[in-house]
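Asks: The structure follows.
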Amino acid sequence: MALLRKINQVLLFLLIVTICGILYKKVHRGTALRNETDDDSETPEDMEDEIPVVICAAAGRMGAAMAAINSIYSNTDANILFYVVGLRNTLSRIRKWIEHSKLREINFKIVEFNPMVLKGKIRPDSARPELLQPLNFVRFYLPLLIHQHEKVIYLDDDVIVQGDIQELYDTTLALGHAAAFSDDCDLPSSQDIHRLVGLQNTYMGYLDYRKKTIKDLGISPSTCSFNPGVIVANMTEWKHQRITKQLEKWMQKNVEENLYSSSLGGGVATSPMLIVFHGKYSTINPLWHIRHLGWNPDTRYSEHFLQEAKLLHWNGRHKPWDFPSVHNDLWESWFVPDPAGIFKLHHPNS
Numbered sequence: 069m070a071l072l073r074k075i076n077q078v079l080l081f082l083l084i085v086t087i088c089g090i091l092y093k094k095v096h097r098g099t100a101l102r103n104e105t106d107d108d109s110e111t112p113e114d115m116e117d118e119i120p121v122v123i124c125a126a127a128g129r130m131g132a133a134m135a136a137i138n139s140i141y142s143n144t145d146a147n148i149l150f151y152v153v154g155l156r157n158t159l160s161r162i163r164k165w166i167e168h169s170k171l172r173e174i175n176f177k178i179v180e181f182n183p184m185v186l187k188g189k190i191r192p193d194s195a196r197p198e199l200l201q202p203l204n205f206v207r208f209y210l211p212l213l214i215h216q217h218e219k220v221i222y223l224d225d226d227v228i229v230q231g232d233i234q235e236l237y238d239t240t241l242a243l244g245h246a247a248a249f250s251d252d253c254d255l256p257s258s259q260d261i262h263r264l265v266g267l268q269n270t271y272m273g274y275l276d277y278r279k280k281t282i283k284d285l286g287i288s289p290s291t292c293s294f295n296p297g298v299i300v301a302n303m304t305e306w307k308h309q310r311i312t313k314q315l316e317k318w319m320q321k322n323v324e325e326n327l328y329s330s331s332l333g334g335g336v337a338t339s340p341m342l343i344v345f346h347g348k349y350s351t352i353n354p355l356w357h358i359r360h361l362g363w364n365p366d367t368r369y370s371e372h373f374l375q376e377a378k379l380l381h382w383n384g385r386h387k388p389w390d391f392p393s394v395h396n397d398l399w400e401s402w403f404v405p406d407p408a409g410i411f412k413l414h415h416p417n418s
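Note that the sequence shown ends on residue 418 in my numbering; no numbers are left out.
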């Protein structure tokens, strides 16, 4: 009897050990699955190595975002995490384009932007209604979209990156600065500028200096403006200075008082940023933001100049996927065809 009791105790012990082993495996497997799908599961070491790049993918110009992503990914060995931002009705299409094309190997997160945050903050009477699209204002809300990173790059979709994005990410931000931009005084050579008729490069081109609210800012109308199509941002400073709240305040004031210039040289997203960041931003290497390629279809830059450029920006009405446009061959070399066949190039030879 004593032997039988001892055997039973051993069997009971083994049974308990087996059950514990099974339960451990189940719990461990469940944790691993949650870690793989949980956005907040990355270790601090992983996040330090990542370069977060925010880019918007609007419905009618999604091919622009994909070309930009392709150019960035192809020209660096850095660990890029793309935050691809879209509206709810485009999210599945964004995912399909990435996962069913050569971009399937990129590290990315698709982020939904809720346009309701803009309710009552945008005047509907812009001369260029396309600039009122909700995704143009994503740059105002970077800390609400990005929670894990100290430093972030934001890029407009109509850019092509020819350099190593690590260089741009390494841009030094002065103490107390929440962002770095390209000064509009850092323009191409004078022989090109005179052909960019109507180009605005001072605050007068963006703000209505006839309004008391603008005069009271004490900013000279001849102050050089900057372009927020390429931003290197410090999220800690951005939150500390409540930049988003300040931008929203000036959006609201514009709704009430119509403070922006009627001859806008850029987007309606530029004007409030010029006010909020006046005298409080660092500068980006000019080669990392060669712009105005979409300003005039008759203005072309030298091939040598374009080859030296680290980033090309087709800001303006004439986009490289449409006609007429300039230097579209440079853009098309990075174009990723739409698996759904919706986005098409509009060129005579396409």
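Don't be surprised by glycine CBs; every beta carbon is placed ideally from N, CA and C.
What residue range is occupied by the uninterrupted alpha helix (DSSP H) comprising histidine 372?
Replies: Here residue 372 refers to the residue found at position 304 of the sequence shown. From DSSP, the alpha helix (DSSP H) with histidine 372 extends over 371-376.
Asks: In whole angstroms, what is the alpha-carbon distance linking glycine 409 and arginine 191?
Replies: In the sequence shown, the residue the question calls residue 409 occupies position 341. In the sequence shown, the residue the question calls residue 191 occupies position 123. So the alpha carbons of these two residues sit roughly 34 Å apart.
Asks: First and last residue of the beta strand (DSSP E) that includes proline 120?
Replies: Here residue 120 corresponds to residue number 52 of the sequence shown, with the count starting at 1. Run containing proline 120: 118-124, per the beta strand (DSSP E) assignment.
Asks: Can you give me the C-alpha to C-alpha distance between leucine 327 and serine 142, rounded to a whole angstrom?
Replies: On the sequence shown, residue 327 is found 259 positions in, with the first residue counted as 1. On the sequence shown, residue 142 is found 74 positions in, with the first residue counted as 1. About 42 Å.
Asks: Less than 8 Å between the CB atoms is what I'm expecting for isoleucine 119 and isoleucine 221, so what's the real figure, rounded?
Replies: The residue given as residue 119 occupies position 51 in the sequence shown. The residue given as residue 221 occupies position 153 in the sequence shown. Correct: roughly 7 Å between the Cβ atoms.
Asks: Start and end of the beta strand (DSSP E) containing isoleucine 282?
Replies: Residue 282 sits at position 214 when you count from the first residue of the sequence shown. Taken as a continuous stretch (DSSP letters only), isoleucine 282 belongs to no beta strand (DSSP E), being part of the alpha helix (DSSP H) at 280-283.
Asks: Tell me the DSSP secondary structure of tyrosine 277 in three-state form.
Replies: Your numbering for residue 277 matches position 209 in the sequence shown. In the structure shown, tyrosine 277 sits in coil (DSSP, three-state: anything other than H, G, I, E or B).
Asks: Measuring only the C-alpha atoms, how far is proline 419 from asparagine 322?
Replies: Since the first and last residues shown for the chain are 69 and 418, residue 419 lies out of range.
Asks: Counting Cβ pairs, one atom from each stretch, are 3 or more of them under 8 Å apart for the stretch 296-308 and the stretch 266-285?
Replies: no
Asks: Between His372, Val121, Asp145, Asn138, which lies nearest to lysine 177 when the distance is taken from Cα to Cα?
Replies: What you label residue 177 is simply residue 109 of the sequence shown in a count that begins at 1. Minimum Cα distance to lysine 177 is reached at Val121.
Asks: Compute the Euclidean distance between the alpha carbons of histidine 381 and proline 289, then round it to the nearest angstrom.
Replies: As a first step, residue 381 is located in the sequence shown; it is residue number 313 there, counting from the start. As a first step, residue 289 is located in the sequence shown; it is residue number 221 there, counting from the start. Their backbone Cα atoms lie some 25 Å apart in a straight line.
Asks: If you count every other CB in all the chains shown that lies within 10 Å of the CB of serine 109, and 16 or more means buried, which is it?
Replies: Numbered from its first residue, the sequence shown carries residue 109 at position 41. Reliability of the predicted coordinates at serine 109 is poor, the pLDDT of 46 falling under 50, and no value is obtained from them.
Asks: Does asparagine 322 come out as helix, strand or coil in the three-state DSSP assignment?
Replies: Here residue 322 refers to the residue found at position 254 of the sequence shown. Of the three classes helix, strand and coil, the one that applies to asparagine 322 here is helix, per DSSP.
Asks: Mind checking whether threonine 291 and isoleucine 233 have CB atoms under 7 Å apart?
Replies: Residue 291 sits at position 223 when you count from the first residue of the sequence shown. Residue 233 sits at position 165 when you count from the first residue of the sequence shown. Result no, Cβ atoms of threonine 291 and isoleucine 233 do not sit closer than 7 Å.
Asks: Assign arginine 359 to buried or exposed, taking buried as 16 or more other Cβ atoms, counted over all protein chains shown, within 10 Å of its Cβ.
Replies: Mapped onto the sequence shown, residue 359 falls at position 291. Buried, because 16 or more other Cβ atoms sit within 10 Å of the Cβ of arginine 359.
Asks: Quick one: is glutamine 230 buried, meaning 16 or more other Cβ sit within 10 Å of its Cβ, or exposed?
Replies: Counting from 1 along the sequence shown, the entry for residue 230 is found at position 162. Its Cβ being crowded by 16 or more others within 10 Å, glutamine 230 is buried.
Asks: Find the nearest neighbour of alanine 337 within the set Ala247, Arg156, Val206, judged by alpha-carbon distance.
Replies: To locate residue 337, count along the sequence shown from 1; it is residue 269. Nearest of Ala247, Arg156, Val206 to alanine 337, Cα basis: Val206.
Asks: Distance, Cα to Cα, leucine 267 vs leucine 413?
Replies: Looking up residue 267 in the sequence shown gives position 199. Looking up residue 413 in the sequence shown gives position 345. Distance between the alpha carbons of leucine 267 and leucine 413: 27 Å.
Asks: If you drop the 5 nearest sequence neighbours on each side, which residues of the same chain put their C-beta closer than 8 Å to that of lysine 387?
Replies: The count along the sequence shown starts at 1 and reaches residue 387 at position 319. Here the set comprises Arg129, Ala132, Asp226, Gly362, Ser393.
Asks: When DSSP labels each residue in this structure, what does aspartate 397 get in the three-state scheme?
Replies: By one-based count along the sequence shown, residue 397 stands at place 329. In the structure shown, aspartate 397 adopts helical secondary structure according to DSSP, grouped into three states.
Asks: So for threonine 304, helix, strand or coil by DSSP?
Replies: Counted from its first residue, the sequence shown places residue 304 at position 236. Helix at threonine 304.
Asks: What residue range does the beta strand (DSSP E) around valine 344 cover?
Replies: Looking up residue 344 in the sequence shown gives position 276. No beta strand (DSSP E) holds valine 344; the alpha helix (DSSP H) holding it covers 338-344.
Asks: Tell me whether leucine 355 sits in a helix, a strand or coil according to DSSP, three-state version.
Replies: As a working mapping, residue 355 is identified with position 287 in the sequence shown. Reduced to three states, the DSSP call for leucine 355 is helix.
Asks: Answer yes or no: do tryptophan 402 and alanine 126 have a C-beta to C-beta separation smaller than 7 Å?
Replies: As a first step, residue 402 must be located in the sequence shown, where it is residue number 334. As a first step, residue 126 must be located in the sequence shown, where it is residue number 58. No; because the gap between Cβ atoms is not below 7 Å, this pair is not in contact.
Asks: Within the same chain, show all residues whose beta-carbon is closer than 6 Å to that of glycine 154, passing over the 5 residues directly before and after it, in chain order.
Replies: The sequence position of residue 154 within the sequence shown is 86, counting from 1. Answer for glycine 154: Ala125, Ile162, listed in chain order.
Asks: Would the beta-carbon of phenylalanine 181 fall within 7 Å of that of phenylalanine 249?
Replies: The residue labelled residue 181 in the question sits at position 113 within the sequence shown. The residue labelled residue 249 in the question sits at position 181 within the sequence shown. No, Cβ-Cβ distance for phenylalanine 181 and phenylalanine 249 is not below 7 Å.
Asks: Straight-line CA distance for proline 354 to threonine 239?
Replies: Working through the sequence shown from its first residue, we reach residue 354 at position 286. Working through the sequence shown from its first residue, we reach residue 239 at position 171. Approximately 12 Å between the Cα atoms of the pair.
Asks: Going by Cα to Cα distance, which pick from Asp397, Asn383, Arg385, Lys317 is closest to lysine 187?
Replies: Reading the sequence shown from its first residue, position 119 is the one you call residue 187. Of the candidates Asp397, Asn383, Arg385, Lys317, the one whose C-alpha sits nearest the C-alpha of lysine 187 is Lys317.
Asks: Nearest to isoleucine 123 by CA position, among Asn204, Gln320, Leu236, Leu379, is which residue?
Replies: The sequence position of residue 123 within the sequence shown is 55, counting from 1. When only C-alpha atoms are compared, the closest one is Asn204.
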